[in-house]
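Have a look at the structure below, then the notes.
2 protein chains.
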Amino acid sequence: MKIETVDDLRKLRYGIIGAGALGGFYGSLLCKNGYRTAFLMRSTAKDVKEHGLKINSAWGKWEVHPEVFDSPQDMGVCDILIVGLKTISNVSLKEIFKHTVGPQTIVITLQNGFGNEEYIESMLPDNSATPGISRVIGGCSFICCWRENSTVINHTAGGNIEFAELDGVERPRIKAICQMLNDMKIPCAIKSSPADVRWHKLVWNIPFSGLGLVAKADTAAVLNSPELRATARRIMAEIQMIAKQDGIDITDKFCEWQFERTESMGHYKSSMQIDYECKREAEVEAILGEPVRRARKLGVAVPLMEMIYGAAKLLNCLNIQDAK
Amino acid sequence: MKIETVDDLRKLRYGIIGAGALGGFYGSLLCKNGYRTAFLMRSTAKDVKEHGLKINSAWGKWEVHPEVFDSPQDMGVCDILIVGLKTISNVSLKEIFKHTVGPQTIVITLQNGFGNEEYIESMLPDNSATPGISRVIGGCSFICCWRENSTVINHTAGGNIEFAELDGVERPRIKAICQMLNDMKIPCAIKSSPADVRWHKLVWNIPFSGLGLVAKADTAAVLNSPELRATARRIMAEIQMIAKQDGIDITDKFCEWQFERTESMGHYKSSMQIDYECKREAEVEAILGEPVRRARKLGVAVPLMEMIYGAAKLLNCLNIQDAK
Numbered sequence: 003m004k005i006e007t008v009d010d011l012r013k014l015r016y017g018i019i020g021a022g023a024l025g026g027f028y029g030s031l032l033c034k035n036g037y038r039t040a041f042l043m044r045s046t047a048k049d050v051k052e053h054g055l056k057i058n059s060a061w062g063k064w065e066v067h068p069e070v071f072d073s074p075q076d077m078g079v080c081d082i083l084i085v086g087l088k089t090i091s092n093v094s095l096k097e098i099f100k101h102t103v104g105p106q107t108i109v110i111t112l113q114n115g116f117g118n119e120e121y122i123e124s125m126l127p128d129n130s131a132t133p134g135i136s137r138v139i140g141g142c143s144f145i146c147c148w149r150e151n152s153t154v155i156n157h158t159a160g161g162n163i164e165f166a167e168l169d170g171v172e173r174p175r176i177k178a179i180c181q182m183l184n185d186m187k188i189p190c191a192i193k194s195s196p197a198d199v200r201w202h203k204l205v206w207n208i209p210f211s212g213l214g215l216v217a218k219a220d221t222a223a224v225l226n227s228p229e230l231r232a233t234a235r236r237i238m239a240e241i242q243m244i245a246k247q248d249g250i251d252i253t254d255k256f257c258e259w260q261f262e263r264t265e266s267m268g269h270y271k272s273s274m275q276i277d278y279e280c281k282r283e284a285e286v287e288a289i290l291g292e293p294v295r296r297a298r299k300l301g302v303a304v305p306l307m308e309m310i311y312g313a314a315k316l317l318n319c320l321n322i323q324d325a326k
Numbered sequence: 003m004k005i006e007t008v009d010d011l012r013k014l015r016y017g018i019i020g021a022g023a024l025g026g027f028y029g030s031l032l033c034k035n036g037y038r039t040a041f042l043m044r045s046t047a048k049d050v051k052e053h054g055l056k057i058n059s060a061w062g063k064w065e066v067h068p069e070v071f072d073s074p075q076d077m078g079v080c081d082i083l084i085v086g087l088k089t090i091s092n093v094s095l096k097e098i099f100k101h102t103v104g105p106q107t108i109v110i111t112l113q114n115g116f117g118n119e120e121y122i123e124s125m126l127p128d129n130s131a132t133p134g135i136s137r138v139i140g141g142c143s144f145i146c147c148w149r150e151n152s153t154v155i156n157h158t159a160g161g162n163i164e165f166a167e168l169d170g171v172e173r174p175r176i177k178a179i180c181q182m183l184n185d186m187k188i189p190c191a192i193k194s195s196p197a198d199v200r201w202h203k204l205v206w207n208i209p210f211s212g213l214g215l216v217a218k219a220d221t222a223a224v225l226n227s228p229e230l231r232a233t234a235r236r237i238m239a240e241i242q243m244i245a246k247q248d249g250i251d252i253t254d255k256f257c258e259w260q261f262e263r264t265e266s267m268g269h270y271k272s273s274m275q276i277d278y279e280c281k282r283e284a285e286v287e288a289i290l291g292e293p294v295r296r297a298r299k300l301g302v303a304v305p306l307m308e309m310i311y312g313a314a315k316l317l318n319c320l321n322i323q324d325a326k
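Which chain is which? The protein sequence lines are A and B, in order.
Quick note, our numbering runs 2 ahead of the 1-based positions in the first sequence.
Quick note, our numbering runs 2 ahead of the 1-based positions in the second sequence.
See below:
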C-alpha cells in the first residue's frame, strides 16, 4: 500500500474506532469529503444508521450518512483506523483490531493523555509491508466538541490536529495525511514526536480537565478565580519542567496563549468534567496518572499535579461506585 | 473581678456560645464539674431543655442538664463566654455580645481558623476593669467530636486545648483557667500567642479538612493514597514556611506526629467535610482563606493551599446554591 499523495489516500477505506464526539466529528468530515469511512459505534449505531449524524460546527453545519457498524467483525479490515475511543475502553482495542487490522493497516490515535501509542503498538501484528516502521501514528486534537445526543455533535472551537510518527521521521505517508486533512480545512501540523504533541496538549488538559473534575470548575470558573487561574498556570509550569526533562521545549508564550484561547471558550466543560457529572468513568489515568508517573521517572517534582491526580482518582472511584 | 485561682473561677457564670459538638462537649464538662454554665443554642435548645445532653466520650459517658437558652436576651450576662460557634456565623456575635457581655466579661474563642480574636475584639466594649488588657483569649481545641443528633455528642479522640493571651503575657487569669481545665481532666497548655496555637492547629486542619472537602477523602483515604498523603505533608511544609515567617517554629517532628495521631482516627471526617456533605456552608474562609491571605501578606508562596482554597471556595458556593 503506497501512501505518498492525497490521491493515494483517496483510494483507501477509513475506520473510526470510537465514534463519539471527537471520532464522529473527524469521521463526518472524511465522509463529507467523499472518503469511504466506516464508523464503529456501540449504543448509538442504530440511531446513526437510521438518522445519520448531524454536526453543528463552528465551521458550518452538515449531515452525513456513513457506514455504521456495531461490531468489529461486521466492520472488517480498514486501511487507516482513527482511534477516538476513551482511554478507559482501551482494553477493548485488542478484539477490535483482530477484525479491523489488515496486513497494511495504519492506526492513528487521537486519544487523550499518555501511553496510547505504546499500548496500541503492543497489540498490533508486525508491519510486514514496511518492516521497521511502526503502524502507529500518534496525534492529538485540540477541539471543543461534545455529543448532544446519539445523532448530534456540537463543535464550538478548535479542531486542529497535531501528530507525529513514533520515530519522528517525516515520511511521505504522514505528509500526505496532513495534506489530506488540510484539504478538508482541518488545520494540521506534523511534530517531531508524539511526546512533543502530547505534552503540548496536556498543558491545557491537565489544569483545565483536572480542575474541572476536582473543583467542579468549567473553563470560565477557572479563569474567574484568582486562585484557580494561578493554579492552572503553575500546573503548566510543572508540565514545562517535565517536558524539558523529556527533551521538549514548551515556551511561556505557548502557556500564556492557552489562557487567551480558553477565554474565548466561555463556560466550556472538559470531557473529564462531563464524564464525571454524568457519573461515567473519567480518563484519570491517561490524562493525570501517566503524566505524574512520567514526571516521577524523569525526577521532576510535580506537587500540584500529584494533588490533582490523587483527588481525581478518589473522586472518580467514589463516583463510579455511586453510579452502580 | 479577680481571677487568680481556680476558687475565683468557681464563683463565675459561664456561657457557651454556639453549643454544637465542640461547645457542647466542653460546656458539659463545666456542668458536670459543678460550674454554673448557660448554653446558647438555636434549633436544638428545646430538645436539650427537655432531655439534657448525653456525651459518649473516649473519657467515659455522662449526661448533663444545663441551663439552656435560645436567645441571648434570656441568657443574659456571663463572666466567661466560650465561643464554639462556626465562623460562618460570626456575624451573629455582635447581637449576642450585646446581651451577654458585661463590664468584666472575658471571651475565650475556640473557633476554627484565623481571624476570630481580632473580629471578636473589634465588637466588644473596652475593658474598663483591666484597661490595656484584652478581654479576648484565643484558643484551639484538638478534638475529634461530632453531634449524633440534637442531644447526643460523640467524642472519639483528642480534646486537649491550647490557648494564649493576645499579647502573649501569661497572667494569673490564663494560668487559673488552664488549671481549672486540667482539674477537669482536660489537657490544656498555654502558648506564646494565638498565632502560635493556630498555625500548629492548621498544620492538621488545612490538609485534612481541605482534602476532606476537595477530594471527598476522610482521614483514612488521605493516608491510604500515596499522592494525597504526600500532598498533606507538602501542605504542612507550606504552613511551616508561613509560620516561620510569622515568627513561629513548627518542627518537622510535629508534622510527622500529625500522621501518627491521624492513623489512630480511622475513617474520621473533618467538620468541613461533614458540613459539605450535609450541604451546609463550610468554614472555607477561616480555615483556608485567611491562612492564604496571611501567606500572601508574609510573602510566602503556598501553591497547594491556594489550589485547595480556590477549589473549596467554588465547591462550597455551588453546594450552597444546590441546597437552596
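Positions of the beta carbon are idealized from the N, C-alpha and C atoms, including for glycine.
Computed from a prediction, not measured in an experiment: that's the story for all the values here.
Is residue i helix, strand or coil by DSSP?
i: G249 of chain A; result: coil
i: F41 of chain B; result: strand
i: A159 of chain B; result: strand
i: I192 of chain B; result: strand
i: N118 of chain A; result: helix
i: D72 of chain B; result: coil
i: C80 of chain B; result: strand
i: Y16 of chain A; result: strand
i: I241 of chain B; result: helix
i: A234 of chain A; result: helix
i: I5 of chain B; result: coil
i: I135 of chain A; result: coil
i: K88 of chain B; result: coil
i: N35 of chain B; result: coil
i: A217 of chain A; result: coil
i: N58 of chain A; result: strand
Using the beta-carbon count (16 or more within 10 Å), is residue i buried or exposed?
i: C280 of chain A; result: exposed
i: W201 of chain B; result: buried
i: H157 of chain A; result: buried
i: D198 of chain A; result: buried
i: T7 of chain A; result: exposed
i: P189 of chain A; result: exposed
i: P196 of chain A; result: buried
i: V103 of chain B; result: buried
i: N151 of chain B; result: exposed
i: P209 of chain A; result: buried
i: E52 of chain B; result: exposed
i: R137 of chain B; result: buried
Along the chain, where does the alpha helix (DSSP H) that runs through residue i open and close?
i: T264 of chain A; result: 254-265
i: N184 of chain A; result: 174-185
i: C319 of chain A; result: 305-325
i: K299 of chain B; result: 292-299
i: E287 of chain B; result: From DSSP, E287 of chain B is part of no alpha helix (DSSP H); its letter is neither H nor E.
i: D277 of chain B; result: 273-279
Determine whether the beta carbon atoms of residue i and residue j lie at a separation below 8 Å.
i: I108 of chain B; j: P74 of chain B; result: no
i: G214 of chain A; j: I310 of chain A; result: no
i: L306 of chain B; j: R236 of chain B; result: yes
i: Q275 of chain B; j: W206 of chain B; result: no
i: E292 of chain B; j: G117 of chain B; result: yes
i: K218 of chain B; j: L230 of chain A; result: no
i: A297 of chain B; j: V286 of chain B; result: no
i: R44 of chain A; j: D76 of chain A; result: no
i: L2 of chain B; j: M186 of chain B; result: Since the first residue shown for chain B is 3 and the last is 326, residue 2 of chain B is missing from the structure and cannot be characterised.
i: G134 of chain B; j: L112 of chain B; result: no
i: I155 of chain B; j: A23 of chain B; result: yes
i: I122 of chain A; j: L95 of chain A; result: yes
i: Q106 of chain A; j: M3 of chain A; result: yes
Check for me: the beta strand (DSSP E) holding residue i runs from which residue to which?
i: D49 of chain A; result: Element bounds for D49 of chain A: not the beta strand (DSSP E) but the alpha helix (DSSP H), 47-53.
i: Q106 of chain B; result: 103-111
i: K63 of chain A; result: 62-66
i: N151 of chain B; result: 138-151
Quick check on residue i - is its C-beta less than 8 Å from some C-beta in chain E?
i: A166 of chain A; result: Considering every chain present, this structure includes no chain E. Its protein chains are A and B.
For the ligand HEM, I want to know if residue i counts as a neighbour, meaning its beta carbon is within less than 7 Å of at least one of the ligand's heavy atoms.
i: S136 of chain B; result: The ligand HEM is not part of this structure, which contains no ligands at all.
- Decide if the stretch 78-95 of chain A is in contact with the stretch 59-67 of chain A; the criterion is three or more beta carbon pairs, one per stretch, under 8 Å apart. no
* To do: Pair every Cβ in the stretch 131-146 of chain B with every Cβ in the stretch 24-33 of chain B, then say whether three or more of these pairs are closer than 8 Å.
  => yes
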